[in-house]
Structure formats: structure tokens, C-alpha cells
Amino acid sequence: MTSIGTGYDLSASTYSPDGRIFQVEYANKAVENSGQDLSRSTAIGLRVKDGIILAVEKLVHSKLLIPEANRRIQTLDRHLGLATAGLLADGRQLANKARDESANFRDSFRSPAPVKYIADRLGSYIQVYTLYSSVRPFGISTIIGGVDQDGPSLFVIEPSGVFFGYHGAAVGKGRQLAKTELEKLKLSDLSMRQAVLEAARIIYLVHDDSKEKTFELEMSWVGNDTNGLHVPVPKDLLSEAEQKAKAALEDFE
Amino acid sequence: MPDMVTLSYPSPSSKPQQRQFNPYSENGGTILAISGADFSVIAGDTRQSEGYSIQTRYAPKVFRLTDNAVLAVNGFAADGNMFVKQVRQRLEWYRHAHAKDMPLRAIARLIQTMLYARRFFPYYVYNILGGIEEDGSGAVYSFDPVGSYERESCRAAGAAQSLVQPFLDNQIYFKNQVALPGHPHPQHLPLLTVIQLVIDSFTSATERHIEVGDGLEMFIVLAKGSPLYGVENIAGVQEMTVTNEGERIFVVRRNLKRD
Amino acid sequence: MDHFPTNWGRPRNDGFDAYGTYPIAQRPYNGLGNDVFSEGVQRTQQPIVTGTSVLAIKYKDGVMMSADNLASYGSLARFKDIQRLHPVGTNTIIGAGGDMSDFQYIQALLDDLMVEEFTEGDGDGHALGPGEIHEYLSQVMYARRSKMDPLWNSLIVGGVKDGKRFLSYVDLLGTTYSASTLATGYGSYIAQPLLRKAVEGNEDNITEEEAVKILEQSMKVLFYRDARSLNKYQIAKITSDGVAISESRSVDTQWSFADGIRGYGAQTQ
Amino acid sequence: MFRNTYDSDNTVFSPQGRLHQVEYALEAVKQGSAAVGLRSKTHSILLALKRSTGELASYQQKMFRIDDHVGIAIAGLTSDARVLSNFMRQQAMSSKMAFNRPVPVNRLVSAIADKAQVNTQEYGRRPYGVGFLVIGQDQSGPHLYEFSPSGNSYEYYAMSIGARSQSAKTYLEKHYESFADCSLEDLIKHGLHALRETLQQDKDLNVNNTSIGIVGAPSVHEKTTNVSFRILEGETIQPFLDTMVPKDAPAAAPAPPASTDEDVQMAE
Chain A
679 MTSIGTGYDL
689 SASTYSPDGR
699 IFQVEYANKA
709 VENSGQDLSR
719 STAIGLRVKD
729 GIILAVEKLV
739 HSKLLIPEAN
749 RRIQTLDRHL
759 GLATAGLLAD
769 GRQLANKARD
779 ESANFRDSFR
789 SPAPVKYIAD
799 RLGSYIQVYT
809 LYSSVRPFGI
819 STIIGGVDQD
829 GPSLFVIEPS
839 GVFFGYHGAA
849 VGKGRQLAKT
859 ELEKLKLSDL
869 SMRQAVLEAA
879 RIIYLVHDDS
889 KEKTFELEMS
899 WVGNDTNGLH
909 VPVPKDLLSE
919 AEQKAKAALE
929 DFE
Chain B
384 MPDMVTLSYP
394 SPSSKPQQRQ
404 FNPYSENGGT
414 ILAISGADFS
424 VIAGDTRQSE
434 GYSIQTRYAP
444 KVFRLTDNAV
454 LAVNGFAADG
464 NMFVKQVRQR
474 LEWYRHAHAK
484 DMPLRAIARL
494 IQTMLYARRF
504 FPYYVYNILG
514 GIEEDGSGAV
524 YSFDPVGSYE
534 RESCRAAGAA
544 QSLVQPFLDN
554 QIYFKNQVAL
564 PGHPHPQHLP
574 LLTVIQLVID
584 SFTSATERHI
594 EVGDGLEMFI
604 VLAKGSPLYG
614 VENIAGVQEM
624 TVTNEGERIF
634 VVRRNLKRD
Chain C
28 MDHFPTNWGR
38 PRNDGFDAYG
48 TYPIAQRPYN
58 GLGNDVFSEG
68 VQRTQQPIVT
78 GTSVLAIKYK
88 DGVMMSADNL
98 ASYGSLARFK
108 DIQRLHPVGT
118 NTIIGAGGDM
128 SDFQYIQALL
138 DDLMVEEFTE
148 GDGDGHALGP
158 GEIHEYLSQV
168 MYARRSKMDP
178 LWNSLIVGGV
188 KDGKRFLSYV
198 DLLGTTYSAS
208 TLATGYGSYI
218 AQPLLRKAVE
228 GNEDNITEEE
238 AVKILEQSMK
248 VLFYRDARSL
258 NKYQIAKITS
268 DGVAISESRS
278 VDTQWSFADG
288 IRGYGAQTQ
Chain D
554 MFRNTYDSDN
564 TVFSPQGRLH
574 QVEYALEAVK
584 QGSAAVGLRS
594 KTHSILLALK
604 RSTGELASYQ
614 QKMFRIDDHV
624 GIAIAGLTSD
634 ARVLSNFMRQ
644 QAMSSKMAFN
654 RPVPVNRLVS
664 AIADKAQVNT
674 QEYGRRPYGV
684 GFLVIGQDQS
694 GPHLYEFSPS
704 GNSYEYYAMS
714 IGARSQSAKT
724 YLEKHYESFA
734 DCSLEDLIKH
744 GLHALRETLQ
754 QDKDLNVNNT
764 SIGIVGAPSV
774 HEKTTNVSFR
784 ILEGETIQPF
794 LDTMVPKDAP
804 AAAPAPPAST
814 DEDVQMAE
């Protein structure tokens, strides 16, 4: 961050002399430690044989919050889900855009949009916000997952607009540890139920008890077990996953 | 002079046949309203029909707008329902702006403005507005489809207007009745008399007009502080008042013949 | 497209080819009414491929609806495997008579709406019920008629929400009404009286079996009398358990009497 | 002139990934007088403290009716609130027009949150300078939401916003578990106690400076049968004020000083 204060980092439309766009880099910072809305949380996505699992570590910033009422994982279409880390409001804005894209695809072709198509459109959309001084980049990393004609697929879109497909993806504060854990899994062999348990375990593992407040685990899934619909993981499975995650955590320690 | 050229002008019959879409229909039924010194009665039958078909035996044509205004709409039902919906939204904005209900005479003017705005694609609807003025008097306003309106003591509209209006002229305005010397016709009739006239109007219209029948819905609006005049004793009466501003609204339902 | 500029219309009806663009033998007629714009923009349409009656009744457990599988092209029985009953969400069914392409458009519209509900609502407990869907359809139908560009259909919306039965009608004019028996098209003349007789005042007692019987009987009468109908139809029921649309079925009919009618069978002057 | 290089513009991230203009907008909310919201199984209520600029001036408007089933209390810039509340009214009405149903409260709140987000991302705008507490009743029962200029919204059991709202929050956190089963009268009493915490030592709630907003069945102190959103002001709130436990001046929990100047950590 040597260029802080040199004036090359005040606009997305300015390169620094060494060819960097600082505003985009700062947006990445927002993903990890946004100070204003306490969203310093982790989100992960798992792509398994016949479905996708999304999970987020939802920090509970006040005990006055109503549990489970404030959802962080969003539904884009019947078959598409999205989880973000970073500025929550940016995440909602992007989800609305994604819904429009998906609806437009459906209107044109009378079939559900491929996951990759949506990831592509959103990548382009986010990229536009890295070009001009009149806007700021999106302060979010996005996991988008769904099941289309070619089966389950999972993508991550960064604030720069770049996107990649993944078998297992993690964004946000605890992404390094989460990635390490994901890499240990044989993702393509897992059933959706197994993947739910693993996802819960990973979220419990990456949550930093010492630094962060309490959290709530939120999970959704889409695939064979859900008739191809992106829906929240049912309550009984969710609590089973939480129990096992807590148990595993104790073993770990 | 012989034709110089042969014209290949298509004969009129070979032109594509044109079937003009008619955006209007007429759904029968009749409405009427009568005002008294400190009350107003607004009524309509509940049959909705098209041609010789009864579409439904219960489709309301009379609507409570506020605690002191009731609107009856008759004509093309789709226009009528949309019009009422739009009036209600305008009244809601008025409430937001002024934290009170719009006065009756203002609603009357609002309706004329809204109707006239569609002068060249009119709502095919005859409106009758009844309620209580700010001075506490009962009032009836009647409208034509493009917004011409006036305040009256009584008005009938719709399919059986030609049957009911002459009857009201005679019974309310005492047309063709000569008063006994020293006993002038009353300025206003008492509420229960008016209610009986309304019921008689509709039973008669039901007898003689195929588009009238099935049910009668009658709204009674009482001025602030007015006595109940026995309304509370009418069988099946139901109070519709929402606020505590003083005016009260009641509704009475009666069956009419269904044939 | 007419590529001769002289046919595009002129400020005045010149009686001759002022611009000299035509050989005399082909000189066009420029008389009144031959201006290509004289007919204005044509938005008004007529139904092309059409479905006939839809019937619906309320009964003890909910609402039942039926429609045959025919889509006619004028008097031609063009498509004989068309479904005219369409589920919307988990507790609503719409049945359509009139233009089938307009109906398909309406299905697409409602599908978009349901996706919107699914994503934005995201299980918040505010699913659209039959009442809301009927209101929405009414607004669409009325808006299109007001643009003089109607969706040429008669639609029946039926369903159950929070234990309450709902049954309502809307058509190309935006006209709406509710009743415990409804019928569109030819059915409104022929079947409606039969349905009313069987159902009115009896809505809470009719069992599912009886409801099926009532509709079967009416469909049979319609098949006998409506030349644009087909003896292949479906019955849908909507109860608090959800919607169910039957496979196509038919009723036994007896046409031997037709032999004795002039116009049927062998012609015997 | 500015506190740092990165705080003059809403389209600029600081090197830490912060949006200072948004944080300052959250400060604007804290400039406004406090509002408190609570929810039970049957009711949602709002309470707000009205300021007056002087003896001859009237008290400000802190609550707006959105629809029969929704109302809001505001803290911050009143003019921004008027724009947003107008938008909410439009949303409520188009829901009635298109579907003939009262707009679900959560969707209404999301709609203004999404609207507010745009003002945190595009040049030439400023974030809205107002926070809302939104109460409403729909098919899924009574609700209470907080909306803030950052474009976030959350649903709460109880919440407070505005000047010295932390003190009210402390009170609410201590008692919120009992709110679910409270009668309307008790709920209002809790609300008044929480609101009182935001006052300076020498001040007290009275009929002039307090507004109460309610959705749900009427209280015994109201002379109405109305269950839709209503705002109580003036003499009508006296019976509720009378239910309050008088504050025994020295024993009252010392309120932490109002933060005006430090960097904001929302809901800290």
C-alpha cells in the first residue's frame, strides 16, 4: 500500500504507475473486513455429484435480531442460488440484477438459464463498475451455484469481474482455511446430504470464536434432493449438521 | 370516354374482413340513491348480466369509500370496478397528505375530473355518489359517463332507470301530487320511509326488468350526531363504520327474486 | 412491401402520376382510400386457434374444473391434444377458452410471476393465492383491452387458500365475476343452467365423486351440442392438499338416434 | 479540509475497504432524536421523541403512515424520509392495485434498502441521511424492521435508532425476552421506559414530545375499534405515560455518553 496518498488510488478509472487499479484492490478489502455492516464473514459453496450446497457464516451483531429471519443466501431463479461476502447491500443489488438476467433468458428461450451464462453476465456487469470514476466497484465476492441441463455448477465472481468455475469455493474472511478444508474432500463422491454435513463443519471450523461475535449457520441447496429447486436446507437436517459440526470441532480441538 | 388504363383496384369485398374489437359491454343492474336531511341511502341490485345470461347473482355495485361517502357504479362492470379502485387510490393519497378523509363535495369534483380526463375513451359507467356533506346534510351527486354532474335529492340510474326514476319523482319530489291546502309536501322524508321506497323500487324493477334481481345491497350513511332512526332494528343490518369521526355507515342486504 | 413511391401516399390525391415513375399501362390508381396508411395501424385481432368451454364448480373440498383437449382452427378440429387447464403455483388452476396463442402468452406471464415470487419472496410465507392471481390477470386483461389490443380469452381462476375456496372469471374485456358455478363460451349457455341446478346452495355438501359426475354430465351435453368440442377432456381439482389435473378421459355417448335425423348419416330426402 | 483523503466521495473505497460517506450518513441518523420499536406476538409498536426548535415552534413529525398495515418512525433528515416514505406508499398501493393484497412488510423494507444502496455506489449522489424503524402486520404476523442508509435492513424483536439510542438498546436487550407475551399496554410501557433512557437527565417524556405508533388491536386507553396503523399524539397518550414507573433520578442507569464523533461501528 505504498501508493496510499499518492492520488493514484482515488478512482476506479485510474491506473497506478505500476499498472494496478487500487480501487478494485480496496474493494477486495471490503470483502474481508468491511467495517460498516459487520459482514466480515465467510461463505462457501460445494459442488457435488448431484447438487450444490451453499453455506454462510452469518454473524449475529445483536441479540435483538430475530433468528433465521434475516437471510443472507439469495435465490435467483428456481434453480439458482447466490451467496456473497462483503457489503450486504451490494450483494442484494447484484442478486436483483441476476434475477433480471435469468428472467430475460427465460423470456427469450423458454428454458432456465445455464449457471455459466448468469455467471458470465454478472461478471461483465461487475467489470463495468471497475471502469469509471463515477461508480465504485462492488465490494463483494460472489458464489453462484445451480443445477442446469449439464448438471450442477458453481462459480465465484470477484470484484474485478473475473469469474472461475469451482468444485469447492470459499469467499470472505475465512476463505483460506475453508479452501484447505474443501481440498481435503472428495467432492465429486459426496451425496448432497453428506456435503451439507461437511459444509456445516467447515463453517464452524472457520468461525473465529475469539474475535467474532456469535454466528448463525445458514445453508441452502439445489439438486436431485430438492427437485432442482434452490431452497433452504430443511430444519432437521440443518440442526443435525450443526450438532455434528460442533462435535467435530471438539474433536478437532 | 373509354378507360385509358385498366385499374387493378381491388374490389371492396376482397379486402380483408375487418372485425372491430368492441372494448365495451353492458352488465345490467340498477342503482339509486336518496338523501334526507341528515342521512343518505345508496343502493344497488347485485345481479351482473350480459345479454340474456346472468353472469353472477352477487357482484357488488355499491362501495363504501369513506365513513361519509358511498359510491354506486353502473354500466360496464370492468370499467366500474377499475374506476372505483382508482378513486380509492386517490382518496388514499389525500389521506396521506391531509391525515383526514376527503369531504364529499371534493370527492364529487374528483370524480368529475377523473371521468372527464377520459373524455375520448370514456369509462362507460354511470356513477351516483351519496353521503354526508361537511355541513351535516345528506347529499346525492349523480354523474354521466364523461363527468357532467349535479347535486340532487334522489337519482336512479342503470337498466331500470326509466322504471324507477318516475316513481321517485312522484314519491320524493311529489311530482303530479297536489298538496292539501295548509299541508305542504315535506322538504325531507324520514329515513324509514326512504328505505321502504328503495326496497319497493327494487322489488318493482325486479318484476319488470330482466336485468334486475337476485339481491339488494343498501348503504345508509348517518350524519354526525344523528339519531339511529331505528336503523339498528332492521333485520340483518351491519355496521361498516371504521373511524370515530362521527358519521356512521350501515349496510342492509335483501334477497330479490332470482328469475 | 410496396416499392413504388407513388403508392406510399401523397399530401394530395393527384389524379395523375405526377412523378412519372410508371409506364402508363401500370399507372396505379390513386383514388381515395388507396393510401397505404389509410387503414391505420391494425392492432385489432380475431382469435385464430381457439378452445371452447371451460366449466368449474365449487364443492365440499374445494374447486373442480374441466375443459376438453381441442384447439380448433375455425371449424377444423386442428389440435386434439391441447391442455387448457394450467396450474399456477401450488393451489391455483386457470382454465382458458378463446385464443390459444394468447393463452400460452398468459402462461408464460404467470410463470415469470411465479419465479419472481419464488426468488424475491424466497419462502417468506406470502405466496400468491388464487385471489391474487385472479386480480393480477384482471389487471392484465383490462390493460390490454384498454390499449385496444386484447388477449382474446375467457379465463376461469379457481383455487383454495387458507381453507377458503375461490372461483372467479375474467375475459378479454376485463370483466370479472365470482360465483359457485362458472362456465365460459358455449358452456355458459348450455352447461351453466345444469351446473347451477346441481350446485347452487349445495356447495358444502357435494362430494368429490358427485362433483366429477356433475362435470362429466355437463361435458357430455356439451359434446353432444357444441360442434367445436371434443369427447376428450380433463378434470382438475384444487383442494387444500394442492392441485391435481387428471389424465384425458372421455364419456360414453350414444349417437344411434342420429340416423333418424336429416343431415346426419345417410341422406334420405 | 477533509478528515482523510477517502471520505469526500461515495464512490471511493478507503484502503481498508470502508466507505466513509456511508459511515457519515449513519452519523446523520444519530443526529436525529431517538425512536424505539418493539414487537409482541400480537402487536408492533413505535415510540419516538419529538423535538421542537423553540417555544413558538411546533414539534417535528417523527412518524408516517404508509398503509393500513404499515407505519414508520424516522431518525435523521426528515426530507429524505419524506421521499422514501412516499416511495413506500407507492409500493404499497401498487401491491393493492396489482394483487389486491397488502404489501408484505419484508418486501417493502427490502425495496427501500435496495433503493438506498444505489446512493452508496453512484457518483453525484449522497447516501440517504435517515434511518427508519418500520412496523407492520401481514399474513405472517407483526414485524419490526430497521432500515439504514447503508442499504441494510434487519428484522428485530426490538430496536432503537437516533440520538443516544444505545441507552434504549441496553434497556431493550435487558427485557426483550419478555416482550413476546406482553399486552399492548405493557409493551408500550417498556417502549416508553426505553425511550426515556435516551433523554438527558433533566428531561422527561410528556404529551408534547412523544409519539406512539401502533399496529394491532386497540388498547383499553384508545377509543377506537381500529386495528390498522395509527399514530397517537397529544392528550391521547397521557394514560400510557401514567403507566410509567417514575424515574428515581439518582438510581437510573447512567447512560453512556452519546457518540457524535468517533468512527461508527453500527450496532456496536
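Protein chains in written order, with my numbering: chain A, 679 to 931; chain B, 384 to 642; chain C, 28 to 296; chain D, 554 to 821.
The beta-carbon is built from N, C-alpha and C at its ideal position, and this holds for glycine as well.
Delimiting residues of the alpha helix (DSSP H) encompassing residue i
i, result
"residue 536(D)", "The first residue shown for chain D is 554 and the last is 821, placing residue 536(D) beyond what the model contains."
"residue 870(A)", "870-884"
"residue 659(D)", "658-671"
"residue 248(C)", "235-252"
"residue 762(A)", "Taken as a continuous stretch (DSSP letters only), residue 762(A) belongs to no alpha helix (DSSP H), being part of the beta strand (DSSP E) at 758-764."
"residue 553(B)", "544-554"
"residue 924(A)", "913-930"
"residue 742(D)", "737-749"
Run of the beta strand (DSSP E) containing residue i, from where it starts to where it stops
i, result
"residue 457(B)", "452-458"
"residue 414(B)", "413-418"
"residue 174(C)", "No beta strand (DSSP E) contains residue 174(C), which DSSP labels as neither H nor E."
"residue 833(A)", "829-835"
"residue 690(D)", "683-691"
"residue 798(A)", "Unbroken run through residue 798(A) is the alpha helix (DSSP H), 793-806; no beta strand (DSSP E)."
"residue 130(C)", "Careful: residue 130(C) lies outside any beta strand (DSSP E), inside the alpha helix (DSSP H) at 127-143."
Coarse secondary structure for residue i, derived from DSSP in three states
i, result
"residue 573(D)", "helix"
"residue 677(D)", "coil"
"residue 713(A)", "Confidence in residue 713(A) is poor, its pLDDT being 46 and thus under 50, which makes the residue's placement unreliable; the coordinate value appears in the next sentence. Residue 713(A) falls in the coil class under three-state DSSP."
"residue 393(B)", "Residue confidence for residue 393(B) is low, a pLDDT of 48 falling below 50, so the modelled location carries little weight and cannot support an answer."
"residue 194(C)", "strand"
"residue 728(D)", "helix"
"residue 410(B)", "coil"
"residue 581(B)", "helix"
"residue 661(B)", "Given a span of 384 to 642 for chain B in the structure shown, any question on residue 661(B) remains unanswerable."
"residue 849(A)", "strand"
"residue 565(D)", "coil"
"residue 404(B)", "coil"
"residue 758(D)", "coil"
"residue 792(D)", "helix"
"residue 627(B)", "coil"
"residue 556(D)", "coil"
"residue 858(A)", "helix"
7 Å Cβ cutoff, residue i in contact with chain G
i, result
"residue 460(B)", "Although the question refers to chain G, the structure presented lacks it and instead comprises the protein chains A, B, C and D."
DSSP bridge partner residues for residue i (one or two, in chain order)
i, result
"residue 276(C)", "260(C)"
"residue 638(B)", "598(B)"
"residue 825(A)", "830(A)"
"residue 561(B)", "Bridge partners of residue 561(B): none, in fact."
If contact is defined by three or more beta carbon pairs under 8 Å, each pair taking one atom from either stretch, is the segment 406-422 of chain B in contact with the segment 567-584 of chain B? The segment 567-584 of chain B makes contact with the segment 406-422 of chain B; the number of CB pairs closer than 8 Å reaches 3 or more.
Please list, in chain order, the residues of the segment 187-210 of chain C that have any C-beta partner in chain B closer than 7 Å. Answer set for the segment 187-210 of chain C: 200, 201, 202, 203, 204, 205, 206.
Inter-stretch contact at 8 Å, needing at least 3 Cβ pairs: the segment 185-201 of chain C / the segment 103-121 of chain C: Contact between the segment 185-201 of chain C and the segment 103-121 of chain C is present, because at least three Cβ pairs lie under 8 Å.
Residues of the segment 659-690 of chain D with a CB closer than 9 Å to any CB of chain A: list them in chain order, please. Going along the segment 659-690 of chain D in chain order, one finds 659, 663, 666, 667, 669, 670, 671, 673, 674, 675, 676, 677 with a Cβ nearer than 9 Å to chain A.
In chain order, what residues of the segment 462-494 of chain B put their CB closer than 9 Å to some CB of chain D? Cβ proximity to chain D below 9 Å picks out 468, 469, 471, 472, 475, 476, 478, 479, 482 from the segment 462-494 of chain B.
For the segment 401-427 of chain B, which residues have a CB atom closer than 9 Å to at least one CB atom of chain C, in sequence order? Residues of the segment 401-427 of chain B that bring their beta carbon within less than 9 Å of a beta carbon in chain C comprise 401, 402, 403, 404, 405, 406, 407, 408, 410, in sequence order.
Cβ contact check for the segment 265-279 of chain C and the segment 82-100 of chain C: 3 or more pairs under 8 Å: Verdict: yes, contact present.
Members of the segment 739-758 of chain A that neighbour chain C once the beta carbon cut-off is set at 8 Å: Listed in sequence order: 749, 752, 753, 754, 755, 756.
Count the C-beta pairs between the segment 721-731 of chain A and the segment 676-696 of chain D that are closer than 8 Å, then say yes if the count reaches three, no if not. By the Cβ criterion, the segment 721-731 of chain A is not in contact with the segment 676-696 of chain D, since fewer than three pairs of Cβ atoms, one from each stretch, lie closer than 8 Å.
Tell me whether the segment 587-594 of chain B and the segment 525-544 of chain B touch, counting them as touching only if at least three CB pairs, one residue from each stretch, are closer than 8 Å. At 8 Å Cβ cutoff, the stretches touch.
Could you name the residues of the segment 433-448 of chain B whose beta carbon sits closer than 8 Å to any beta carbon of chain C, in the order they occur along the chain? Residues of the segment 433-448 of chain B with a Cβ closer than 8 Å to any Cβ of chain C, in chain order: 433, 436, 438, 439, 440, 441, 442.
Does the segment 477-486 of chain B touch the segment 523-533 of chain B, meaning 3 or more C-beta pairs lie closer than 8 Å? Three or more beta-carbon pairs separated by less than 8 Å are not found between the segment 523-533 of chain B and the segment 477-486 of chain B, which leaves the two stretches without contact.
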